[in-house]
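To get this note's numbering, take the position in the sequence shown, counting from 1, and add 3. Each residue gets a CB set at the ideal place from its N, CA and C atoms; glycine is no exception.
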Amino acid sequence: MFKAPFLVANWKMNYGIKQAVQVTADIVVGLRGMRRKGQLVLCPSYPALLSVKQTIGDESISLGAQDLSGQDRGAFTGEVAPWMIKEAGAEYVIIGHSERKKYFSETNESINNKVKNALKEGLTPIICVGETFEERQENQKDHVVLRQVQNALDGVKVSPINPIIIAYEPVWVIGTGQAIEPSDAEYMHTLIRQVLIDLYPLVVVDHHTAILYGGSVDENNVDEFCDKEHIQGFLVGSASLHSQQFLKIIEKVCKESSAQS
Ligand code: 13P
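Spelled out as structure tokens, the structure:
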């Protein structure tokens with residue numbers, strides 16, 4: 004079931020199989036007895052997907068990959084197809100992260116292609132958007148983010164069996180330890196929601212899309228974002244690498260969202 008709040012851990016290229024399994028096991032233990040809401044998604048590296056899935060067992064934690072190929076099968080050395088990710092037990096996939104744009108030349112076109120490829124296989128895309136510092140300085144942030152969302156969703160049908168998630172990650176705060184002002188994030192989320200409403204019926208936007216915030220989220224600042232109406236969860240990098248830190252974030256998010264409902 005597609006239900007906020009979403010808490011997504013992006014472990015990037017930090018853990019191999021052993022460490023990913025250890026952190027997952029610690030999270031599983033830490034979650035026992037915690038009253039949880041919404042969805043928790045762990046995104047390890049490709050080689051760790053299956054082992055993390057096995058460690059999760061029957062617990063209600065989902066698995067996600069950090070990228071996927073825009074191709075289906077065949078002579079594409081080094082690529083990983085959506086069905087392979089699915090076979091490893093994943094239900095989600097991060098697409099178009101700013102690090103992939105910066106270091107691996109991801110384009111609006113390749114991101115759109117990957118979104119369609121993910122949905123075709125029944126994977127829920129977590130589409131990353133966000134402006135750079137220069138774009139913000141030049142007052143381009145609204146336009147840049149709006150175009151990124153429009154381009155990523157060009158020709159994409161959203162439905163109960165094909166939900167999508169947008170993660171707003173201002174590039175300039177990622178990994179800095181300094182998140183943006185919650186009111187600033189809320190403004191950007193409202194803008195993204197408006198783009199979604201322009202593209203899809205309101206009922207579809209309300210039930211089959213979610214907008215997450217990412218960028219230096221930690222256990223000390225997460226509650227300031229929780230009471231914002233259009234922030235439906237978080238994509239967490241550094242602070243998700245340590246189970247105890249991540250568990251504190253989970254606890255705070257669940258507590259805040261219970262208080263509001
Ligand atoms: P940090 O939480 O380390 O800033 O990373 C955010 C991110 O890039 C998640 O995808």
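Which whole-angstrom value is the C-beta distance of residue 148 and residue 132, which I expect to be below 8 angstroms? Confirmed, Cβ separation roughly 5 angstroms.
Range of the contiguous beta strand (DSSP E) that encloses residue 13: From DSSP, the beta strand (DSSP E) with residue 13 extends over 9–13.
Closer than 6 angstroms: residue 114 CB and nearest ligand 1 heavy atom: Result no, Cβ not under 6 angstroms from ligand 1.
Among 100, 222, 57 and 216, which has the Cα closest to the Cα of residue 25? Per the Cα distances, 57.
Heavy atom of ligand 1 less than 6 angstroms from the Cβ of residue 43, yes or no? Incorrect: residue 43 has no Cβ contact closer than 6 angstroms to ligand 1.
Which listed residue (229, 236, 144 and 243) has its alpha carbon closest to that of residue 180: Relative to residue 180, the option among 229, 236, 144 and 243 whose CA is nearest is 243.
Does the distance from the CB of residue 251 to the CB of residue 189 come in under 7 angstroms? Cβ atoms of residue 251 and residue 189: not closer than 7 angstroms.
By the DSSP assignment, the beta strand (DSSP E) with residue 130 in it spans what residues? Looking at the DSSP string, the run of the beta strand (DSSP E) that includes residue 130 is 127–132.
Just checking residue 65 against ligand 1 - is the residue's beta carbon closer than 6 angstroms to any of the ligand's heavy atoms? Closer than 6 angstroms to some heavy atom of ligand 1: that does not describe the Cβ of residue 65.
Simplified DSSP assignment, three categories, for residue 149: Here residue 149 sits in helix by DSSP.
Rounded to whole angstroms, what's the CA-CA distance from residue 217 to residue 53? Just pull it up for me. When rounded, the distance between both Cα atoms is 25 angstroms.
Selected residue, minimal CA-CA separation from residue 185, among 155, 234 and 164: The candidate whose alpha carbon is nearest that of residue 185 is 234.
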